[in-house]
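Participant: After the structure tokens below, expect a handful of questions from me.
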Amino acid sequence: MSTEISESRELKSTEINKYDFKTKTDAVFKARKGIDEEIVNQISDIKNEPDWMRKFRLDALKIFESKPMPEWGGDIALDFQDIFYYLKPTNEQGRSWDDVPEEIKDTFEKLGIPEAERKYLAGVKAQFESEVIYGSLKEDLANQGVIFTDTDTAVREHPELLREYFGTIIPSTDNKFAALNSAVWSGGSFIYVPKGVKIDFPLQAYFRINEENMGQFERTLIIVDEGAQVHYVEGCTAPMYTSESLHSAVVEVVVKKNGRCRYTTIQNWANNIYNLVTKRAFAYQDAVMEWVDGNLGSKLTMKYPAVYMMEPGARGEILSIAFSSAGQHQDAGAKLVHCAPNTTGTIISKSISKNGGRSSYRGLARVEEGAYNSKCSVVCDALILDPESRSDTYPYIEVAEQDVSIGHEASVSRIGEEQLFYLMSRGLSEAEASTMIVNGFIEPLIKELPMEYAVEMNRLIQLQMEGSVG
Amino acid sequence: MSDILEIKNLHVAIEGKPILRGVNLTINKGETHALMGPNGSGKSTLGLVIMGHPNYEVTEGEILLNGQNILDLDADERARLGVFMAFQRPVAIPGVKMADFLRHATTNVRHPDRKEGEDLISMREFRKEIKDKMGQLQMDSEFARRYVNDGFSGGEMKRAEILQLAMLQPKFAILDETDSGLDADAVRLASQSINEIGHNKMGLLIITHHDKLLEHNPPDFTHVILGGQIVETGGKELAAELHSQGYERIRAEHPESAAANDETETVAST
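Chain order of the listed sequences is A and B.
When we follow the working numbering, the leftmost residue of the first sequence carries the number 1, and every step to the right adds one.
When we follow the working numbering, the leftmost residue of the second sequence carries the number 471, and every step to the right adds one.
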């Protein structure tokens, strides 16, 4: 009996370590630790940026320095001077997979990236530390005018299009971490989908932090023109180090009239990463913006994807899953802002806490004056697996209009002893039973994911669940 | 080998309060036993303790399955040895599809040595089997895609329990009020199904207030439980007597158990 147990434990620990490997690389350039004007100028120099971008960065640095740390959310025990803000892993971005340096290629091959691309993706970006090291886009999409590139390249090649929106959805003044990103941003995706173009397969970006104390600050801008459609998926991983790293992205999305955008994130950072991300979308007339946000890893995540419904008929849908285990705090949620009449917003949030993990839902539903006949519904359910774990709900509702419909439901349940007993009485082990209950709990979200991601998500949940019982 | 389940001098408490006070009961493969008793007598507790519910504390006695004491085993290990209980009010498990749940359960019970993560029984075989069995229970095939007990009507819940009985083919099955909350037609269907699935193949312990279930499953033995003890055992005529005349005679003949029963019932209802 005892050998059986130790055998299966061993099996699990190798599986869990799937993402926990470090690649030895020779960086082309690595800025010294810390942040100041010199570092920001250095980043701008290396990227050979136009003056407006350098100014944008330096202005943002001042804002970052002047803003206090947020006093809500989680504890951010970060020394900003002990982080590397910029690391350039390679000189060239690979157009074909063969061009990618061997050791980096090896990293992404272990993560299954090129395989996924061959199977079901319309385009791929892979970011290693600060720079996008590989990019591809199906030819027919490029011919239709679709742009899918890294944001640095977009600054050079599509300056007018980029500048029209860059920093307008999320200005540097928005919050301390948006300011930090604006000062030191590097990499990220730039997507433009022209009028009426519907992209059937997802575009995917994959973000990898490899070095210790590395900060990753990608900057993503997606513009979906009138009647166009895109599904963008991002995945994130990093190996485990003893000291903390920081991931602080800014993601801006514009969905124009009748456009549709779905943005799916499966975040599985190592448990020593602070994941402090600002994501916001503007949806115009009859446009649909969907955020599907899965947070499994990180030490602390503070992330509240937002949809601003700017014109009549716009729709915002946010599905959020948070899973926190020992030493983790997921402060996740969503924001819906109704700025126009006849807009519809939905938030569905599911959180799971186990082994002393803490999950918080923090959400805002705001209806501005004049946004009459708007509908807003918020449902958040929390599942707590053991007495050491914690779940909180912080719903903020601000309504400045009479003729609206606002619904808010919240539930917190402990994993039922009766549910466990029921499944076990049918021959399922305690671990299988718990996993089944948890999978059932997030099933409404999983079924919204594309097949491949649903499978991956289930697998990640199973990894999280293993070792949680007995 | 003929299977045998033996309950010897079983004492059980919950939160320090005694509920079972020395139950003795032996069930052989192929036998049908009826367990009857008023509210608070310990009927359901006996079933839950045999199945291995973690909330009950066994203070004395043993439960032997083919000579092996199963008291230290978790519910899943007991299930894999062939113990089953159809619950009176099975709990809902939202998001978990009946088919997924049952495929796992069936695999584990048929392959007791299966470890987590190992293969499940083939989907094709399983589908065919569950479809046949659902047909026999007059269940719509859509049922397999619904979430376990979630939003089920009383009748659907009971049928789902019987479906599990049919799939898992245990050695011993405890049926806790599998007839309650059903209309006459549904009771007939449930009774017939249980007879087809279990009669002569399993040892059955049928916990019931009513005698309808017993019409199709005439008990070889009827046990009356009162105040946590089996105070009388008879044949099917005893079940008929209790059904028509209630527990007055039993109470009068066993005043101590009746008093103990009243006490438990009072505790339970406060």
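The beta carbon of each residue, even a glycine, is placed where N, CA and C say it ideally should be.
Being a predicted model, the structure only gives us computed values, none of them experimental.
Please list the partners that Leu428 of chain A has in chain B, where partner means a Cβ-to-Cβ separation under 7 Å.
Facilitator: Locating residue 428 of chain A in the first sequence gives position 428, where the first residue counts as 1. Simply Asp546, His574, Ala575, Asn578.
Participant: Under the three-state reduction of DSSP, which class applies to Asn268 of chain A: helix, strand or coil?
Facilitator: If you number the first sequence from 1, residue 268 of chain A lands on position 268. Coil at Asn268 of chain A, not helix or strand.
Participant: Given a cut-off of 8 Å on the beta-carbon distance, is the pair Ser727 of chain B and Gly704 of chain B in contact?
Facilitator: Counting from one through the second sequence, the residue named residue 727 of chain B turns up at place 257. Counting from one through the second sequence, the residue named residue 704 of chain B turns up at place 234. No; because the gap between Cβ atoms is not below 8 Å, this pair is not in contact.
Participant: Residues of chain A with CB closer than 7 Å to the CB of Gly704 of chain B, please, in chain order.
Facilitator: Counted from its first residue, the second sequence places residue 704 of chain B at position 234. Ordered by position in chain A, no residue passes the 7 Å Cβ test against Gly704 of chain B, which lies about 30 Å from the chain.
Participant: Leaving out five residues before and five after Gln216 of chain A in sequence, what residues of the same chain have Cβ atoms less than 6 Å from its Cβ?
Facilitator: What you label residue 216 of chain A is simply residue 216 of the first sequence in a count that begins at 1. Excluding sequence neighbours, Gln216 of chain A sits near Ile209, His247.
Participant: Measure the CB-CB distance between Ile442 of chain A and Lys354 of chain A and report whether it falls below 8 Å.
Facilitator: Here the question's residue 442 of chain A lines up with position 442 in the first sequence. Here the question's residue 354 of chain A lines up with position 354 in the first sequence. Against a cut-off of 8 Å, the Cβ pair of Lys354 of chain A and Ile442 of chain A comes out as no contact.
Participant: Going by the CB atoms, is the gap between Ala322 of chain A and Asn295 of chain A shorter than 8 Å?
Facilitator: In the first sequence, residue 295 of chain A corresponds to position 295, counting from 1. In the first sequence, residue 322 of chain A corresponds to position 322, counting from 1. Yes; because the gap between Cβ atoms is below 8 Å, this pair is in contact.
Participant: So what does DSSP say about Arg219 of chain A, is it helix, strand or coil?
Facilitator: Within the first sequence, numbered from 1, the residue matching residue 219 of chain A stands at position 219. DSSP places Arg219 of chain A in strand when its eight states are reduced to three.
Participant: What residues of chain A sit near Gln634 of chain B, judged by a beta carbon separation below 8 Å?
Facilitator: To locate residue 634 of chain B, count along the second sequence from 1; it is residue 164. Residues of chain A passing the Cβ test: Arg426.
Participant: The region 183-212 of chain A: which residues have C-beta closer than 8 Å to a C-beta of chain B, in chain order?
Facilitator: Cβ contacts with chain B come from no residue of the region 183-212 of chain A.
Participant: Looking only at C-alpha atoms, which of A:Glu129, A:Gln229, A:Tyr232, A:Pro50 sits nearest to Gly156 of chain A?
Facilitator: On the first sequence, position 156 is the one that residue 156 of chain A refers to. It should be noted that the sequence gives Arg, not Gly, for residue 156 of chain A. The option with the nearest alpha carbon to Arg156 of chain A is A:Pro50.
Participant: Near Asn619 of chain B, what residues of its chain come up, given a Cβ to Cβ distance below 7 Å and the 5 sequence neighbours on each side ignored?
Facilitator: For the purposes of this step, residue 619 of chain B is taken as the residue at position 149 of the second sequence. These residues qualify, in order along the chain: Pro560, Val561, Ala562, Ile563, Met627, Ala630.
Participant: Chain A beta carbons: is any one of them nearer than 8 Å to that of Glu485 of chain B?
Facilitator: Position 15 of the second sequence holds residue 485 of chain B. No - not a single Cβ of chain A is within 8 Å of the one on Glu485 of chain B.
Participant: Taking the alpha helix (DSSP H) that Asp20 of chain A falls in, what are its first and last residues?
Facilitator: If you number the first sequence from 1, residue 20 of chain A lands on position 20. It is not in any alpha helix (DSSP H) - Asp20 of chain A carries neither H nor E in the DSSP assignment.
Participant: Mind pulling the chain B residues with CB within less than 8 Å of Asn439 of chain A?
Facilitator: Here residue 439 of chain A corresponds to residue number 439 of the first sequence, with the count starting at 1. Correct list: Gly565, Val566.
Participant: Return the bridge partner residues of Gln699 of chain B from the DSSP annotation.
Facilitator: Locating residue 699 of chain B in the second sequence gives position 229, where the first residue counts as 1. The partner list for Gln699 of chain B (beta bridge, DSSP) reads B:Leu696.
Participant: If you follow the alpha helix (DSSP H) that His503 of chain B is part of, which residue opens it and which one closes it?
Facilitator: Locating residue 503 of chain B in the second sequence gives position 33, where the first residue counts as 1. Element bounds for His503 of chain B: not the alpha helix (DSSP H) but the beta strand (DSSP E), 502-506.
Participant: Buried or exposed: Trp291 of chain A, going by 16 or more other Cβ atoms within 10 Å of its Cβ?
Facilitator: Taking the first sequence and counting its residues from 1, one reaches residue 291 of chain A at position 291. It is buried - the Cβ of Trp291 of chain A has at least 16 other Cβ atoms within 10 Å.
Participant: What does a CB cutoff of less than 8 Å around Gly470 of chain A pick up in its chain, not counting 5 residues either side in sequence?
Facilitator: Taking the first residue of the first sequence as 1, we reach residue 470 of chain A at position 470. In this prediction, Gly470 of chain A scores a pLDDT of 32, lower than 50, which makes its location untrustworthy; no coordinate-derived value is stated.
Participant: Chain A partners of Leu638 of chain B, CB-CB under 9 Å?
Facilitator: As a working note, residue 638 of chain B is residue 168 in the second sequence. The contacting residues are Arg426, Gly427.
Participant: Nearest CA to the CA of Gly259 of chain A: which residue from A:Ala306, A:Tyr192, A:Thr237?
Facilitator: On the first sequence, residue 259 of chain A is found 259 positions in, with the first residue counted as 1. Nearest C-alpha to Gly259 of chain A: A:Tyr192.
Participant: Is the beta carbon of Leu516 of chain B closer than 8 Å to that of Leu534 of chain B?
Facilitator: Working through the second sequence from its first residue, we reach residue 534 of chain B at position 64. Working through the second sequence from its first residue, we reach residue 516 of chain B at position 46. Their beta carbons are not under 8 Å apart, which means Leu534 of chain B does not touch Leu516 of chain B by this criterion.
Participant: Quick one: which chain A residues come within Cβ less than 7 Å of Arg721 of chain B?
Facilitator: Residue mapping note: residue 721 of chain B aligns to position 251 of the second sequence, counting from 1. Those do not exist, as Arg721 of chain B stays about 32 Å from chain A at its closest Cβ, beyond 7 Å.
Participant: Would you call Arg370 of chain A buried or exposed, if buried means 16 or more other Cβ atoms sit within 10 Å of its Cβ?
Facilitator: Here residue 370 of chain A is taken as the residue at index 370 of the first sequence, counted from 1. This sequence places Gly at residue 370 of chain A; Arg is not what is there. By the neighbour-count rule (16 or more Cβ atoms within 10 Å), Gly370 of chain A is not buried but exposed.
Participant: Identify the continuous beta strand (DSSP E) that holds Leu78 of chain A and give its terminal residues.
Facilitator: Position 78 of the first sequence, counting from 1, holds the residue named residue 78 of chain A. Run containing Leu78 of chain A: none; DSSP gives neither H nor E here.
Participant: Check Val146 of chain A in the structure and name its three-state DSSP category.
Facilitator: Start at 1 with the first residue of the first sequence, and residue 146 of chain A comes out as number 146. Residue state, collapsed to three classes: coil.
Participant: Throw me the rounded Cβ distance for the Val553 of chain B and Val482 of chain B pair, which I believe falls under 8 Å.
Facilitator: If you number the second sequence from 1, residue 553 of chain B lands on position 83. If you number the second sequence from 1, residue 482 of chain B lands on position 12. In fact, because the Cβ distance is near 16 Å, the residues do not count as touching under 8 Å.
Participant: Determine the extent of the beta strand (DSSP E) in which Trp291 of chain A is found, giving its start and end residues.
Facilitator: On the first sequence, position 291 is the one that residue 291 of chain A refers to. Start and end: 288-295.
Participant: Val233 of chain A and Pro202 of chain A look like a contact to me (Cβ under 8 Å); what is the Cβ gap, rounded to whole Å?
Facilitator: Here residue 233 of chain A corresponds to residue number 233 of the first sequence, with the count starting at 1. Here residue 202 of chain A corresponds to residue number 202 of the first sequence, with the count starting at 1. The pair is a contact, with the Cβ atoms about 5 Å apart (cut-off 8 Å).
Participant: Output, in chain order, the set of chain B residues within a Cβ distance shorter than 8 Å of Pro444 of chain A.
Facilitator: Counted from its first residue, the first sequence places residue 444 of chain A at position 444. Here the neighbours are Gly565.
Participant: Inspect the CB distances between the region 672-679 of chain B and the region 632-650 of chain B and report whether three or more fall short of 8 Å.
Facilitator: Contact holds: three or more Cβ-Cβ distances are below 8 Å.
Participant: Of all Cβ atoms in chain B, is any one closer than 8 Å to the Cβ of Phe217 of chain A?
Facilitator: On the first sequence, position 217 is the one that residue 217 of chain A refers to. So, not an interface residue.
Participant: Tell me the DSSP bridge mates of Lys303 of chain A?
Facilitator: Looking up residue 303 of chain A in the first sequence gives position 303. A:Val277, A:Ala332.
Participant: Tell me the rounded alpha-carbon separation between Glu702 of chain B and Glu476 of chain B.
Facilitator: Here the question's residue 702 of chain B lines up with position 232 in the second sequence. Here the question's residue 476 of chain B lines up with position 6 in the second sequence. So the two alpha carbons sit approximately 17 Å from each other.
Participant: If we count the other Cβ atoms within 10 Å of its Cβ and call it buried at 16 or more, is Ser136 of chain A buried or exposed?
Facilitator: Locating residue 136 of chain A in the first sequence gives position 136, counting from the first residue. Flag for Ser136 of chain A reads buried.
Participant: Would Ala334 of chain A pass as a contact of Ile352 of chain A if the rule is Cβ separation under 8 Å?
Facilitator: Taking the first sequence and counting its residues from 1, one reaches residue 334 of chain A at position 334. Taking the first sequence and counting its residues from 1, one reaches residue 352 of chain A at position 352. No, the Cβ-Cβ distance between Ala334 of chain A and Ile352 of chain A is not below 8 Å.
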